[in-house]
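Protein chains: 4
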Amino acid sequence: MANSKYEYVKKFEMEDKLPACNWIVVRIDGHKFHRFSDDHDFDKPNDENALNLMNSCAVSMVEQFSDIVFAYGVSDEYSFIWKETSQFYDRRASKILSLSVSYFTSMYAIKWKDFFPHKDLKDPPCFDGRIVLYPRVKIVRDYLSWRQVDCHINNQYNTCFWMLVKSGKSKKDAQELLKGTLAKDKNELLFRQFGINYDKLPDIFKKGSCVYKDTVEETLKPDDGGNTVKRQRRRVIVGHFNIIEDRFWNEHPNILKED
Amino acid sequence: MANSKYEYVKKFEMEDKLPACNWIVVRIDGHKFHRFSDDHDFDKPNDENALNLMNSCAVSMVEQFSDIVFAYGVSDEYSFIWKETSQFYDRRASKILSLSVSYFTSMYAIKWKDFFPHKDLKDPPCFDGRIVLYPRVKIVRDYLSWRQVDCHINNQYNTCFWMLVKSGKSKKDAQELLKGTLAKDKNELLFRQFGINYDKLPDIFKKGSCVYKDTVEETLKPDDGGNTVKRQRRRVIVGHFNIIEDRFWNEHPNILKED
Amino acid sequence: MANSKYEYVKKFEMEDKLPACNWIVVRIDGHKFHRFSDDHDFDKPNDENALNLMNSCAVSMVEQFSDIVFAYGVSDEYSFIWKETSQFYDRRASKILSLSVSYFTSMYAIKWKDFFPHKDLKDPPCFDGRIVLYPRVKIVRDYLSWRQVDCHINNQYNTCFWMLVKSGKSKKDAQELLKGTLAKDKNELLFRQFGINYDKLPDIFKKGSCVYKDTVEETLKPDDGGNTVKRQRRRVIVGHFNIIEDRFWNEHPNILKED
Amino acid sequence: MANSKYEYVKKFEMEDKLPACNWIVVRIDGHKFHRFSDDHDFDKPNDENALNLMNSCAVSMVEQFSDIVFAYGVSDEYSFIWKETSQFYDRRASKILSLSVSYFTSMYAIKWKDFFPHKDLKDPPCFDGRIVLYPRVKIVRDYLSWRQVDCHINNQYNTCFWMLVKSGKSKKDAQELLKGTLAKDKNELLFRQFGINYDKLPDIFKKGSCVYKDTVEETLKPDDGGNTVKRQRRRVIVGHFNIIEDRFWNEHPNILKED
Chain G
1 MANSKYEYVK KFEMEDKLPA CNWIVVRIDG HKFHRFSDDH DFDKPNDENA
51 LNLMNSCAVS MVEQFSDIVF AYGVSDEYSF IWKETSQFYD RRASKILSLS
101 VSYFTSMYAI KWKDFFPHKD LKDPPCFDGR IVLYPRVKIV RDYLSWRQVD
151 CHINNQYNTC FWMLVKSGKS KKDAQELLKG TLAKDKNELL FRQFGINYDK
201 LPDIFKKGSC VYKDTVEETL KPDDGGNTVK RQRRRVIVGH FNIIEDRFWN
251 EHPNILKED
Chain P
1 MANSKYEYVK KFEMEDKLPA CNWIVVRIDG HKFHRFSDDH DFDKPNDENA
51 LNLMNSCAVS MVEQFSDIVF AYGVSDEYSF IWKETSQFYD RRASKILSLS
101 VSYFTSMYAI KWKDFFPHKD LKDPPCFDGR IVLYPRVKIV RDYLSWRQVD
151 CHINNQYNTC FWMLVKSGKS KKDAQELLKG TLAKDKNELL FRQFGINYDK
201 LPDIFKKGSC VYKDTVEETL KPDDGGNTVK RQRRRVIVGH FNIIEDRFWN
251 EHPNILKED
Chain W
1 MANSKYEYVK KFEMEDKLPA CNWIVVRIDG HKFHRFSDDH DFDKPNDENA
51 LNLMNSCAVS MVEQFSDIVF AYGVSDEYSF IWKETSQFYD RRASKILSLS
101 VSYFTSMYAI KWKDFFPHKD LKDPPCFDGR IVLYPRVKIV RDYLSWRQVD
151 CHINNQYNTC FWMLVKSGKS KKDAQELLKG TLAKDKNELL FRQFGINYDK
201 LPDIFKKGSC VYKDTVEETL KPDDGGNTVK RQRRRVIVGH FNIIEDRFWN
251 EHPNILKED
Chain L
1 MANSKYEYVK KFEMEDKLPA CNWIVVRIDG HKFHRFSDDH DFDKPNDENA
51 LNLMNSCAVS MVEQFSDIVF AYGVSDEYSF IWKETSQFYD RRASKILSLS
101 VSYFTSMYAI KWKDFFPHKD LKDPPCFDGR IVLYPRVKIV RDYLSWRQVD
151 CHINNQYNTC FWMLVKSGKS KKDAQELLKG TLAKDKNELL FRQFGINYDK
201 LPDIFKKGSC VYKDTVEETL KPDDGGNTVK RQRRRVIVGH FNIIEDRFWN
251 EHPNILKED
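Residue numbers (UniProt numbering), protein chains in the order written: chain G, 1 to 259; chain P, 1 to 259; chain W, 1 to 259; chain L, 1 to 259.
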């Protein structure tokens with residue numbers, strides 16, 4: 001049985017190389033996570049375990065794919081920035097997209113038990129993904145700012161919404177109450193009605209999470225009591241920084257660097 | 001904090017709608033499964049549990065995505081045929097690809113324990129995927145024939161190779177021995193040296209696996225002893241058919257039908 | 001001066017092969033031809049010389065590019081159907097599009113004098129173009145029907161509009177008068193007010209123009225008075241047929257034939 | 001006759017918007033110009049009239065399409081750089097490509113008589129075209145350097161080749177003689193054998209042609225003998241500059257400027 005007569009079907013595979021000199025952003029998004037979070041009784045407005053699970057998967061991604069230079073996550077969404085010069089699978093879009101989504105999903109399913117030891121997975125966690133290309137560092141930063149502002153806006157709204165609901169309002173009434181309110185109205189509502197100072201809420205809720213590799217200096221003390229030794233080591237960092245302002249980027253000039 | 005100044009970054013998202021009137025094939029492939037199968041001690045040349053796990057994930061896919069009309073799997077690879085008129089997510093390639101790969105991966109990780117109750121997952125299972133479009137039923141069938149011939153060729157080779165290795169040959173010697181042999185040489189080798197009649201090996205090894213929805217007639221006997229009732233039900237079938245010849249397709253004319 | 005250090009810029013050229021087994025339609029459209037037809041005093045609603053010039057360019061196209069199997073033109077627009085198996089420049093979209101548009105434009109400028117011997121070209125004739133792919137003969141035919149119905153609708157409207165304008169109405173009044181009228185209203189208006197039987201107007205106006213290669217039988221009479229000889233010859237035909245109904249296609253089964 | 005039942009064919013038109021923030025290079029190339037230049041007896045190695053005709057068409061392009069910021073031509077090829085922020089036809093690739101190629105071709109056919117008053121056009125001039133995107137000014141400059149180095153290499157070779165042929169060598173012998181020679185060998189050959197100092201040849205041959213808009217200051221002297229007036233005017237410039245070195249670009253900082 002020869003296969004040659006059928007091999008022409010391979011000609012239908014289309015090339016999908018991403019153009020050079022563009023930062024590759026893979027954004028992963030929970031599929032039907034509204035229902036998923038209900039089914040698994042996630043805390044509202046933020047479930048810290050769920051966020052830590054997302055972050056842990058992102059750390060695995062950064063460790064697994066060496067061309068990812070930065071990741072930013074909020075809620076059930078994570079953006080992975082691949083360096084503009086990446087030659088991973090010859091920059092084939094379908095390889096980069098499918099492997100990113102598959103690896104992240106796999107990690108999420110496997111690590112579930114570590115973060116929810118007392119809950120079984122009831123539905124398969126599932127993520128969709130997309131690739132967006134950015135030709136300049138400035139635009140990558142604006143992309144990240146866009147996501148972080150979104151995080152802030154959503155979190156402020158959700159914090160108000162769920163406080164109202166937990167205090168006895170119906171979901172519909174809570175929605176009505178918040179319609180048209182400005183940021184400072186929401187902060188005031190939280191403070192007056194619930195004694196919550198929004199600025200004091202955990203950064204992981206307000207700012208989302210950043211994951212990246214950094215060089216840290218370690219001091220090693222030999223067992224034999226000899227001289228301590230310093231060495232440089234690459235480590236994956238998880239933090240909750242303001243990535244809209246310049247400060248973080250000035251302090252980490254190597255993360256986004258045009259070639 | 002307004003987001004409007006950053007929203008221009010959305011303009012960089014490119015449309016990726018797949019053209020109408022084309023069958024959409026999503027082929028999923030185990031990533032680094034050579035190592036994965038070693039790490040988990042898969043039987044050689046075929047691990048029946050591993051194949052059944054793949055098939056079980058494919059069944060879930062067919063149940064989950066109603067536009068998948070047929071799936072064909074062999075080894076660590078599975079092809080899913082989406083009907084040519086599918087409007088799933090407006091035919092956006094990245095949605096179709098990422099959700100397919102993510103759902104399959106999720107299922108694989110979750111169902112692992114059902115098929116390997118005594119083995120822990122040591123590495124995260126990971127799959128890559130690609131989309132290929134076929135504008136005619138005839139070419140979809142040729143695509144499936146291509147995969148099934150491949151299954152046959154690989155299985156015959158692997159069966160010989162592993163019998164030789166298990167009988168004491170080094171992998172290199174086994175390779176040398178098989179170089180340039182024809183199908184009938186391999187069959188003879190199996191028969192003479194190992195008493196194996198290749199044609200008698202299980203179809204799941206020789207023909208791979210087909211998954212599709214079929215209408216079956218059920219006979220229901222009411223608890224109250226009343227008259228039995230017949231009803232039609234859609235059920236997902238797993239089988240190991242010859243999909244190169246016309247017979248299967250003549251018997252299932254609705255699976256691949258041009259609009 | 002070596003060029004090697006700059007050659008990396010070639011890597012930015014993206015592949016643009018059109019998928020196999022699809023009919024390639026190149027539709028060319030006059031750019032700013034409203035003004036162009038005013039500047040050159042084209043007859044309204046139809047300028048027969050201008051249409052014949054378009055047809056003559058289409059004939060040159062069909063002679064020049066052997067993979068074009070059919071062309072259909074109306075007003076300042078022409079569609080060229082390339083056979084589904086064409087391997088012209090490896091099916092690269094930019095080659096097919098740019099050469100089609102360039103050759104057509106060149107012909108238009110060169111042949112102008114043949115059709116308008118007493119008018120100089122005042123503006124450069126310019127055409128834009130696009131490629132659309134159709135995976136089935138049926139859809140190619142629907143595409144052509146779409147263009148021919150459009151021809152009919154526009155021609156009927158324009159005939160009424162220009163008769164009204166020529167009879168003294170302002171363009172605005174003519175527009176108002178025709179707003180919301182049905183086909184039969186327009187036919188009646190033409191007949192009652194201007195004594196025009198729409199059905200008797202020339203087919204080139206009502207049906208547009210078809211260009212294709214056909215095999216014709218020639219009878220050759222030798223100069224020496226010997227026996228006449230019959231031979232088959234491929235000739236480019238220009239006609240004004242109904243291409244919506246089956247008849248034309250039944251009579252020319254070789255033009256659109258799936259492989 | 002309603003068109004609605006056929007309008008679905010429009011769904012097959014694919015979006016082809018070019019990504020934002022990329023310089024758009026449209027490179028136009030003479031199609032079968034080897035033969036075209038033979039048929040019209042172009043001077044070898046360079047026909048000054050033919051080059052001036054190409055340049056004149058490029059000037060028309062720059063005047064016609066206001067988003068073209070720079071054009072560079074050599075032999076029968078011209079590259080047009082569209083500014084990175086161009087919104088011409090919503091950045092649709094097929095519109096930009098087809099209109100560029102069509103307008104250039106039209107101009108070439110129309111202006112022919114101005115540059116070759118004693119020669120009739122024997123074949124239709126035809127150009128193919130392609131679009132390449134460059135995300136950074138630096139790479140646009142490298143692209144232009146690539147073309148100019150190519151101009152230099154080809155011109156030096158062709159000058160030697162045609163001097164040898166004109167002096168009586170066969171084309172094959174000329175080719176053989178030049179095989180493997182370095183730049184300085186060719187210069188020496190020209191000087192020793194033909195008394196030609198390559199560096200003294202016209203810049204239009206050695207460096208190709210640049211076309212761009214520049215602001216020039218005009219001094220107007222009123223007819224009534226009043227005071228002269230200075231005013232700024234945008235004018236299209238044709239020059240033969242070194243565009244590899246920084247000097248030209250430092251003197252014209254506005255041509256390629258990232259937004």
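Backbone N, C-alpha and C define an ideal beta-carbon position, used for all residues, glycine too.
Keep in mind that this is a model prediction, so the values were computed, not measured.
| Asked | Found |
| --- | --- |
| T219 (chain P) - DSSP class collapsed to helix/strand/coil | strand |
| Within chain L, the residues that L133 (chain G) reaches when beta carbons sit closer than 8 Å | P19 |
| For S170 (chain L), three-class secondary structure by DSSP | coil |
| Chain L contact residues for N227 (chain G), given Cβ-Cβ distances below 7 Å | None at all; the shortest Cβ gap to chain L is about 48 Å. |
| Top-ranked residue by Cα proximity to D150 (chain L), from L:I131, L:S75 and L:R235 | L:S75 |
| Listed by chain order, chain P residues near residue 268 (chain W) by CB distance under 7 Å | Residue numbering for chain W in the displayed model covers 1 to 259; residue 268 (chain W) lies beyond these limits and cannot be assessed. |
| Cβ-Cβ separation, L178 (chain G) to Y157 (chain G) (assumed contact under 8 Å), whole Å | 6 Å |
| Interfacial residues, the segment 133 to 160 of chain L to chain G, with Cβ spacing under 9 Å | L133, Y134, P135, R136 and I139 |
| DSSP state of R91 (chain P) mapped onto helix, strand, coil | helix |
| Meets three-Cβ-pair contact criterion under 8 Å: the segment 123 to 134 of chain G and the segment 79 to 97 of chain G | yes |
| Supposed close pair K111 (chain L), C57 (chain L) - CB separation, criterion 8 Å | 6 Å |
| For A71 (chain P), the first and last residue of its enclosing beta strand (DSSP E) | I68 to V74 |
| Segments assigned alpha helix (DSSP H), at least 4 residues, entirely inside the segment 154 to 205 of chain P | 171 to 178 and 183 to 194 |
| Completely contained alpha helix (DSSP H) runs for the UniProt domain "tRNAHis guanylyltransferase catalytic" (6 to 135) of chain G, where each covers 4 or more residues | 33 to 39, 48 to 64 and 93 to 115 |
| Of the residues W:Y78, W:D67 and W:V236, the one placed nearest L51 (chain W), counting alpha carbons only | W:Y78 |
| Stretch pair the segment 217 to 235 of chain L + the segment 63 to 73 of chain L: three plus CB contacts closer than 8 Å | no |
| N-terminal and C-terminal residue of the beta strand (DSSP E) that K230 (chain W) is part of | V229 to G239 |
| C-alpha distance - A109 (chain W) paired with S60 (chain W), whole-angstrom precision | 13 Å |
| Backbone secondary structure at D214 (chain P) - three-state DSSP | strand |
| Q193 (chain W) versus Q175 (chain W): straight-line alpha-carbon distance, rounded | 16 Å |
| Contact list for K11 (chain G) against chain W, beta-carbon separation under 7 Å | A20 |
| Within chain P, the residues that I110 (chain G) reaches when beta carbons sit closer than 7 Å | A109, L121 and P124 |
| Contact under 8 Å by Cβ, I28 (chain G) with V101 (chain G) | yes |
| Within 9 Å of chain W by C-beta, residues of the segment 174 to 206 of chain L in sequence order | A183 |
| Closest residue to A20 (chain W) among W:V229, W:S37, W:K83 and W:H31 (Cα-Cα distance) | W:K83 |
| Proximity of N155 (chain L) and F191 (chain L) at Cβ, strictly below 8 Å | no |
| Alpha-carbon spacing of V238 (chain G) relative to F88 (chain W), whole angstroms | 54 Å |
| D246 (chain G): first and last residue of the uninterrupted alpha helix (DSSP H) it sits in | D246 to E251 |
| Inter-residue Cα distance where the pair is R234 (chain P) and P253 (chain P) | 15 Å |
| Which listed residue (L:L18, L:N22 and L:K11) has its alpha carbon closest to that of K17 (chain P) | L:K11 |
| Beta-carbon spacing of F104 (chain L), N49 (chain L) below 8 Å | no |
| Nearest residue (CA-CA) to K257 (chain G), options G:S86, G:K171, G:R35 and G:K207 | G:S86 |
| Buried versus exposed call for P202 (chain W) [16 or more other C-beta atoms within 10 Å across all chains shown] | exposed |
| D41 (chain L) to L53 (chain L) span [Cα, whole Å] | 15 Å |
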